[in-house]
Each structure stands twice: as C-alpha cells, then as structure tokens.
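Chemist: The structure follows.
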Amino acid sequence: MTETTGFSGHVDEMLETFWELREKNDLSRNSLVREITRDGLDHLESTRFLTWAGDTPVLSEEAEARARDIVRRHRLAERLFRDVLDLSNFEEDACTFEHVISPDVEEALCTFLGHPPTCPHGRPIPKGPCCSALSKKVCPLFSSVAHLEVGSKAKVAFLKGSHVDKLTHMGLGPGSTVRLIQKRPSVVIQVEETTLALDHEIAMGVFVKTTS
Ligand SMILES: [Zn+2]
Ligand SMILES: [Zn+2]
Numbered sequence: 001m002t003e004t005t006g007f008s009g010h011v012d013e014m015l016e017t018f019w020e021l022r023e024k025n026d027l028s029r030n031s032l033v034r035e036i037t038r039d040g041l042d043h044l045e046s047t048r049f050l051t052w053a054g055d056t057p058v059l060s061e062e063a064e065a066r067a068r069d070i071v072r073r074h075r076l077a078e079r080l081f082r083d084v085l086d087l088s089n090f091e092e093d094a095c096t097f098e099h100v101i102s103p104d105v106e107e108a109l110c111t112f113l114g115h116p117p118t119c120p121h122g123r124p125i126p127k128g129p130c131c132s133a134l135s136k137k138v139c140p141l142f143s144s145v146a147h148l149e150v151g152s153k154a155k156v157a158f159l160k161g162s163h164v165d166k167l168t169h170m171g172l173g174p175g176s177t178v179r180l181i182q183k184r185p186s187v188v189i190q191v192e193e194t195t196l197a198l199d200h201e202i203a204m205g206v207f208v209k210t211t212s
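For the sequence shown, this note's numbering assigns the number 1 to the initial residue and increments by one for each residue that follows.
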C-alpha cells in the first residue's frame, strides 16, 4: 500500500501533525517547519501533498483523506486502549496501531466503541461511514450483563474492572453463556450449572455480546 499511494509511515506522521496544528489554529510555514522540519515540508511540497494558497497550506484531496483516516484510527485506538483495556500509557501503541488496521477493522472498532465523538484527550474523532445516522447501529455490540432482560441469555465477550481474576476463578470468562436471573438487589446470573450473585458494580464489568 505504501508504495502505490506514496503514503509512507513518515508521510502519515507529518499529515497527522498537519491535522493537529490545524485543529489548534496554529497552521503556518513556521509551525510546520518547527513540527515536521524543513525537509519534511519540502517532501510534502515536492509530492504535491501540500500546496499553498497564499500563506495557507492546503492538503491535496488525497492527502486530506489520508490525514483524516490516520487521525481517526489513532483516536479510536486511544479509546480502545484506555476505555476497554484500561491502559494509561497508550500513546505509542496508538501511533503503531493507526498504520496497521484495515478499514474493516476500523469500522468494527468504531461500532464496538459506540462511534465515540472524541478521543480521551477531548479531541474530535473524524467520522467514518459507519458513524452516519443512516448506517449507525442502534444498539452497541456489547453491553453489561446487568442490562440484559431478565431471563435472557447471552455470551460473555470480555470482562473489565478489578474483579476479573475473581470472576475468572468462578468460571466466568469470554465465551461463557450466561442467563440473567434477577437484577436487584444484587445481579444474579447463571453460568452453566452455577448461580452467581454479583454486586452491581462487578456485574457492570461483565460484557456480553448483544447481537447473535
Ligand atoms: Zn487523543
Ligand atoms: Zn463509526
């Protein structure tokens, strides 16, 4: 892909930086040289990814779309690493991730995360085709077991929170089929032949797949 489109990892990084500078309203020749170096700027100019409308740098249509994609993937990855995996040091991995995921994975991830509008730093996540009102899935792919209808069954997708070890020990893990027996006062679920009563907070960390 990099050979045919001319978007190397280095160009991707520069386009991402361009996007961020523009968001901060700090787009100028000086700020670009400061952030991507003079060589970097020369490169973007010589490949025609970047041109000038007076003092304003403008990306080609292709480069603009690429920048948007990269930023979108980076910020979706940040959401995944922070919200789902509970990582606090995710910046470097998000930078790697943004270059390797395919559009299909990107879309699945966005849907999985509920089409988040912003990254954990509060910056907007550019929308993808999956985020438009028409195609947006109404229900998320996963929900807490505590939100199931009483009596219904679902398959556990993942566990979250500080009780993962304990739950795993009780035989609850990804792939287990659970049935919700009651919601209050505690959440009671049936896993295989075992009935478990869970505090609401713990039950909120048991995520099941809501679609078949
Ligand atoms: Zn961010
Ligand atoms: Zn989406």
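Virtual Cβ for every residue (Gly too), placed ideally from N, Cα, C.
On a predicted model such as this, the values are computed, not experimentally measured, just so you know.
Please confirm whether any heavy atom of ligand 1 lies closer than 8 Å to the CB of P120.
Modeler: At least one heavy atom of ligand 1 is nearer than 8 Å to the Cβ of P120, so yes.
Chemist: By the 10 Å Cβ neighbour count, where 16 or more other Cβ atoms means buried, how is L85 classified, buried or exposed?
Modeler: Burial call: exposed.
Chemist: Check the DSSP bridge columns for V191 and list the partner residues they point to.
Modeler: V178, T194, per the DSSP bridge assignment.
Chemist: Classify H74: buried if its beta carbon has 16 or more other beta carbons within 10 angstroms, exposed otherwise.
Modeler: That one is buried.
Chemist: Identify the residues that DSSP records as bridge partners of W52: which are they?
Modeler: In the DSSP output, where bridge partners are listed per residue, W52 has P57.
Chemist: Round the Cβ separation of A203 and S144 to the nearest angstrom and send it over; I've been treating them as touching at under 8 Å.
Modeler: Yes, A203 and S144 are in contact; Cβ-Cβ is about 7 Å, under 8 Å.
Chemist: Flag this pair as touching only if the segment 98-106 and the segment 46-63 have three or more C-beta atom pairs under 8 Å; answer yes or no.
Modeler: Not touching, per the Cβ criterion.
Chemist: Would you tell me roughly how many angstroms separate the C-alpha atoms of R29 and R79, rounded to the nearest one?
Modeler: Distance between the alpha carbons of R29 and R79: 32 Å.
Chemist: Round the Cβ separation of V208 and V178 to the nearest angstrom and send it over; I've been treating them as touching at under 8 Å.
Modeler: Indeed they touch by this definition, with Cβ atoms about 7 Å apart.
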